[in-house]
Amino acid sequence: MFPYLLSIALPLYFFLHQSTLTLAINSPGLYSQQLDHINVNCGSSGDSTAEDTRKWTGDIGTNYITSLHGSKGKLISSKATDQPLPYDPIPYRTARLSRWPFTYTFRVTPGQKLIRLHFYPALYLGGFKRSKAFFTVKAGRYTLLSNFSAALTVDALGLTSLVKEYYLDVDEDQPLIITFSPSRIGHSDEVYAFVNGIEIISMPAALYHTREGNPVAQIVGKSDWFTLDKSIALEKVHRLNIGGSSISPIEDRGMFRDWNEDSNYLLEKSCVKPVTTTIRIKYMSIPPYTAPQKVYQTSWSLVPGKHANKTESNFTWRLPMDLGFRYLLRLHFCELEYDIKESGRMEFSIFVNEQVVEAKGDLIHWSGGNGVAVFKDYVVIMDGERMEGKRDLLIVLRPHNHEWTEPIDATIKGIEVFKLSNPDKNLAGVNPVSLEHASTSPKPKKLVFASGGNAIATGVVIVLTVLNVIVYQLRSIGENSAERNLSSSTSEGLCRRFSLAELMLVTNNFDDEFVIGRGGFGKVYRALIDDDATTVALKRCNLKSQGAKEFWTEIEMLSKLRHMHLVSLLGYCNERNEMILVYEFMEHGTIADHLYNTKTKGNGMVGYMSWEQRLNICVGAARGLDYLHTGIQNGIIHRDVKTRNILLDKDWIAKISDFGLCKVGSTNHSHSYVSTDVKGTWGYFDPEYHMTRRLTKKSDVYAFGVVMLEMLCGRPAVDMRVDEEQRSLVLWAKQCIKENRLDQLTDPSLRDQISAHCLKVFAEVANNCTDSRPKGRPTMADVVVRLEYALASERAVNEQFGENTKGRNRSKGNVSYVSKVFQRAIEFLAKGADIKWKKRKEDDFTRKKNGPAIFSPIIKKSENLDFLKKEDGLASLELIRRGSCGELYKAELPGSNGKMIAIKKIIQPPKDAAELMEEESKLLNKKMRQIRSEIQTVGQIRHRNLLSLLAHVPRPDCHYLVYEFMKNGSLQDILNQVSQGTRELDWLARHKIALGVAAGLEYLHMNHSPRIIHRGLNAANVLLDDDMEARIADFGIAKAVPDQDTHVTTSNVVGTLGYLAPEYHQTMKFTDKCDIYSFGVLLGVLVIGRLPSDNFFYNTNERNLVKWMRNVMTSEDPNRAIHPKLMGNGHEEKMLLMLKIACYCTHDDPKHRPNSKDVRCMLAQIKH
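The sequence shown lines up with residues -24 to -1, 1 to 1144 when you count with mature numbering (1 follows the signal peptide of the UniProt record, and there is no 0).
Set out below in structure tokens:
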């Protein structure tokens, strides 16, 4: 028994006292008796003890060293003469040098070995100049160093000595041979090789290499795993103790590895502080020799308030690496927050070179508990030519802490980076050349890299590097300029900027598994953002096909536009040559997907669309285009309308997309076209645009007509698979329509679903849209009306005969059937599909308390409103009006070349005023509610018939709401001027005003999600711009209503007497039909020429405008209702039609009132 104990005690004794033997580990926790720990002090004799108490043996008198050239290859031992030695002179006091190759041969046990080579470049006795040491080092079949200069390396790193560390496998019965060979540079005889010390240590078999061929390391940027077998040698590049001081080799017993502090590699050190613990670390899934306790006991803590970007809490390390190699990256982790005991409590993401390697890291899940050490391995490929030198490796740790109110600790505790040998068994990089030798400037050292001190190559690299920096800076300036222009031209808060790392995280480095579409523009990915709360589509632009101009155009356009039938842009990313657009996700893809990509599955056709679905989709897309053309000033021409650019959401609501080719309509009143290069898609080109390059809104109408034909025929715009006369869908369809062969034109799957009347209307509209002459095409507003009628009639037929009745049977009927269709047409007109209520984010009123909130690109920058921050900012301005809620001023917007704005000043009594009376408090609350309401409605939406809020500027004693100035004032002002004889307002202008208000209401009620009820519509709240275009204004009492809600219940009645719906008085319930009632009163005002408050009505039997209008309209002389100044111009019949619509809108029963679409359609049918 005693000999057995002795056999254990002796090896243990030597291990604990740093003997020349150490333990090779072949399995975790088990030590073998095959021990190698060799420390050679080159160029010396006998044994020496270093400062760390390790023993070193001199190579003089040993069998380690051999010259390869006999007597010519003289081996020299020498001492340094011109420099102070490092703190620990062993093994640097002496060196082995030779101008000829020499080798060290070590008889070691087979297995994994750690090799350290020590170099101290200096002037050595015997004429060995410091600058002449250039040599190659090989260990067995591996090239460790090539044309290596220790002097250049230490100078570049700011060191005096250097240690190179390698890991490789030694085969059974094979010695370890290390060869040092001087480089032959020209005919120089002064070049030599040298080494100061060599360490060889047996190491655990699976510490860094893969055990039994199992994959251990994920390849960064790929889904593959890497097997690090014993044929691959490693070189230690970096070994860092995160957040702590350096750990000396003596503290890493067994392998004596040094761990350096990471502060030189950590970015943004100003916002972190080191943290340390003395908690004992547990090694449960990894062996204790993986890394010392100290590595896991320190880290950095990110301090709130000091980070430059308050929305992101990142730790970033930048490590220089040789190009042209693969690297093993090992990250050490340990959870030291003892209040975190459950998985999922503290997640984080890790990015390596902007590639996601861990999307949702969880230490508790990985390690199993607190204070437990664990590591993760990754393989990084640093692409590039080896002779190009170095490039930085970026490691980013992003904790998932959205609150970030407490310090956040870095979960990474240690970083190890190892270079992997290439297939040619090479590990050698190139020598650094310090620019300090080329300049006497005292600036910090910058490194470029060249081979072996070649001055010409070095000069070329320096020039290329400088040029690269200049080009990069110019490019950055260009990108920043573009982004500044974007930020000044997009509505603040409507377009979010995403980081590239964030989008890479949610797509797993843009993995093709997330791809849902692709085209010439690039790929489209489906992803989840905001903690998986929102599904989005990422359009990753291919800059070869879609340039930066189209990218910024789409952002600028969609940031201005908000409509139910336009796809919403949520944000964008412009970073490191990546241009990505982030949209709301459309569950049902494009129209083209369903027309041409149908697939048969077990329960039927996937992608099949019924005729009513197709009609509804066409109506929605037409509304979206109509909004583009008429909803904003000058309008927007899409230029690429096609079935692949019309998307379908989960409710099959159509949304126009892809605005990269958009053009703002002509601003020249003398012509309506824009001259531009021809862009778009073959098959959809307007012939006139193609020939003349004159782009008009009618070009979009033509393309939409092609879309309609595709929906009807189920065929693409151009089909090369059919006979030549049918390849162009437009030409073939026109021929079929001309010859009345509509059955042949119709998709066979639809023939039993379409009534003859609906088919005729639809085909007629499509035919008109594709007229070769732009003047022969309808406007999109006309198209909407006709399609809504077609849809309404088809629904009426379905109701009359049933959904499944054959088309030919449904097309027949008697007069009562036709009459019923006509009656039902109005009732069914364009009942848009339900849209879901989306909870709005906290409004800008609460987010922007300390500065102006800009809502429109008209105001380029917030500094333009600095004059409102002054105490006397309004002193020199013209006061337009004073009312109960405040004052209205007129001003010129600074820096806008004469653009006029209107500023509403809402005075706010001090909230802490002790003398604040109850009535004043109520008034204060009312004013604040009105400000909020304005911001939540017109601060976030855009329509040509709504007065947009441009900005909100809060002050301690008041609030300023900034609007466009309306030159012609309010409709009420103009009507008063007309009655006084100082102004004219003819019928055409009044009809235009009515149509504009109806369009604005339709947008609020039908096309905006959630729908908005104005509640205060009256003549004073209808403003008129320079072109007498109506703008609905004053949204202070407006309400946003979820679609599932039928009404709003209020605690009091608000609005203007004479315009209020009777049921609102009685029930306190407000619906969109109350707005319709108010609009009916407004229509009456336009024709009658009197306001509801006019004394004229109080002197009648009816006592109010609505009842008087009804009685007159049912009398023998309805013309009495028309204002005398409007009589005699031949428009009396049209004005009576408007009064009939007014009576329809003011029906006592709200169920019998039309909706805003119906009203707008009816008014549009009044032709001049």
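Even glycine gets a Cβ: it sits at the ideal position worked out from N, Cα and C.
I'd like to know if the region 1007 to 1015 and the region 948 to 963 are in contact, where contact means that at least 3 CB-CB pairs between them fall below 8 Å. At 8 Å Cβ cutoff, the stretches do not touch.
Residue(s) in a DSSP beta bridge with Thr274: Paired residues: Thr252.
Can you tell me the Cβ-Cβ gap for Asp662 and Val617, rounded? I've got them flagged as a contact below 8 Å. Beta-carbon to beta-carbon, Asp662 and Val617 are separated by about 10 Å, too far to satisfy the 8 Å threshold.
Leu571 versus Asp699: straight-line alpha-carbon distance, rounded: Looking at the two C-alpha atoms, the distance is approximately 20 Å.
Let me know the alpha helix (DSSP H) ranges lying completely inside the region 90 to 136, each 4 residues or longer, listed in chain order. Counting whole runs of 4 or more residues, the region 90 to 136 contains the alpha helix (DSSP H) stretches 126 to 133.
Assuming Tyr68 contacts Ile174 (C-beta within less than 8 Å), just tell me the rounded distance between them. With 8 Å as the limit, Tyr68 and Ile174 do not qualify as a contact, their Cβ atoms being about 13 Å apart.
Alpha-carbon to alpha-carbon, Leu514 and Tyr865: Computed Cα separation, rounded: 44 Å.
Is Gln609 helix, strand or coil by DSSP? DSSP places Gln609 in coil when its eight states are reduced to three.
Given this structure, state the Cα-to-Cα distance separating Asn774 from Lys626, to the nearest angstrom. Our two residues, Asn774 and Lys626, have alpha carbons roughly 24 Å apart in a direct line.
Nearest-angstrom Cα separation, counted from Gly1031 out to Arg1096: It is roughly 29 Å from the alpha-carbon of Arg1096 to the alpha-carbon of Gly1031.
Would you decide whether Arg920 is buried or exposed? Buried here means 16 or more other CB atoms lie within 10 Å of its CB. When all chains shown are included, Arg920 counts as buried.
Span of the beta strand (DSSP E) holding Pro296? Residues 291 to 298.
Where Asp12 and Pro86 are concerned, what is the direct C-alpha to C-alpha distance, given to the nearest angstrom? Distance from the CA of Asp12 to the CA of Pro86, rounded to the nearest whole angstrom, comes to 10 Å.
What does DSSP give as the partner residue(s) for Gln88 in the beta ladder? Here Gln88 is bridged, per DSSP, to Asp145.
Could you have a look at Trp587 and say whether DSSP puts it in helix, strand or coil? Three-state result, Trp587: helix.
Pro663 lies in the alpha helix (DSSP H); which residues open and close that run? Counting along the chain, the alpha helix (DSSP H) containing Pro663 begins and ends at 663 to 668.
Thinking C-beta only, is Ser1132 closer than 8 Å to residue 1151? There is no way to answer for residue 1151, as the model of the chain reaches only from -24 to 1144.
Answer yes if the region 1019 to 1026 comes into contact with the region 1041 to 1055, meaning at least three C-beta pairs across the two stretches below 8 Å, and no otherwise. Proximity of the region 1041 to 1055 to the region 1019 to 1026 meets the contact definition, three or more beta-carbon pairs being nearer than 8 Å.
Which one of Trp528, Gly565, Val543 has the shortest CA to CA distance from Cys549? The residue among Trp528, Gly565, Val543 with its C-alpha nearest the C-alpha of Cys549 is Trp528.
Mapping DSSP to helix, strand and coil, what is Cys310? Cys310: strand per DSSP, three-state reduction.
Taking only three categories from DSSP, how would you classify Gln150? Coil at Gln150, not helix or strand.
Is it right to say Thr254 is buried, meaning 16 or more other beta carbons lie within 10 angstroms of its own, or is it exposed? Looking at its Cβ environment, which holds fewer than 16 other Cβ atoms inside 10 Å, Thr254 is exposed.
At the level of alpha carbons, what is the spacing between Lys943 and Val759? So the alpha carbons of these two residues sit roughly 32 Å apart.
Since Leu601 and Met562 should fall inside the 8 Å C-beta cutoff, what is the C-beta to C-beta distance between them, to a whole number of angstroms? Not confirmed; about 17 Å, so no contact.
Identify whether Leu999 lies in helix, strand or coil by the three-state DSSP scheme. Here Leu999 sits in strand by DSSP.
Could you tell me how far apart the beta carbons of Phe327 and Val372 are, in whole angstroms, since I believe they sit closer than 8 Å? So it is a contact: roughly 4 Å between Cβ atoms.
Leu705: first and last residue of the uninterrupted beta strand (DSSP E) it sits in: Leu705 -> not in any beta strand (DSSP E); alpha helix (DSSP H) instead, spanning 705 to 714.
Excluding five sequence neighbours on each side, which residues of the same chain lie with their C-beta closer than 7 Å to the C-beta of Phe351? Counting only Cβ-Cβ distances below 7 Å, and skipping sequence neighbours, we find Ile262, Thr266, Arg306, Leu307, His308, Phe309.
For the alpha helix (DSSP H) that Gly1056 lies in, which residues bound it at each end? Counted as a single uninterrupted DSSP element, the alpha helix (DSSP H) harbouring Gly1056 occupies residues 1048 to 1064.
Let's test the definition: count the other Cβ atoms within 10 Å of the Cβ of His539 and tell me whether it reaches 16, buried, or not, exposed. Answer is buried; the Cβ neighbour count reaches 16.
Could you tell me the boundaries of the alpha helix (DSSP H) in which Tyr572 lies? Its alpha helix (DSSP H) spans residues 567 to 572.
Helix, strand or coil at Gln331 [DSSP, three-state]: Of the three classes helix, strand and coil, the one that applies to Gln331 here is strand, per DSSP.
Specify the secondary structure class of Trp342 as computed by DSSP and reduced to three states. DSSP places Trp342 in helix when its eight states are reduced to three.
Cα-Cα, which of Gly103, Gln88, Ser544, Lys525 is closest to Thr186? Nearest C-alpha to Thr186 among Gly103, Gln88, Ser544, Lys525: Gln88.
For a test of the three-state rule: what should DSSP assign to Lys212, helix, strand or coil? Strand.
Which residues does DSSP list as the beta-bridge partners of Lys515? Lys515 pairs with Val500, Leu557.
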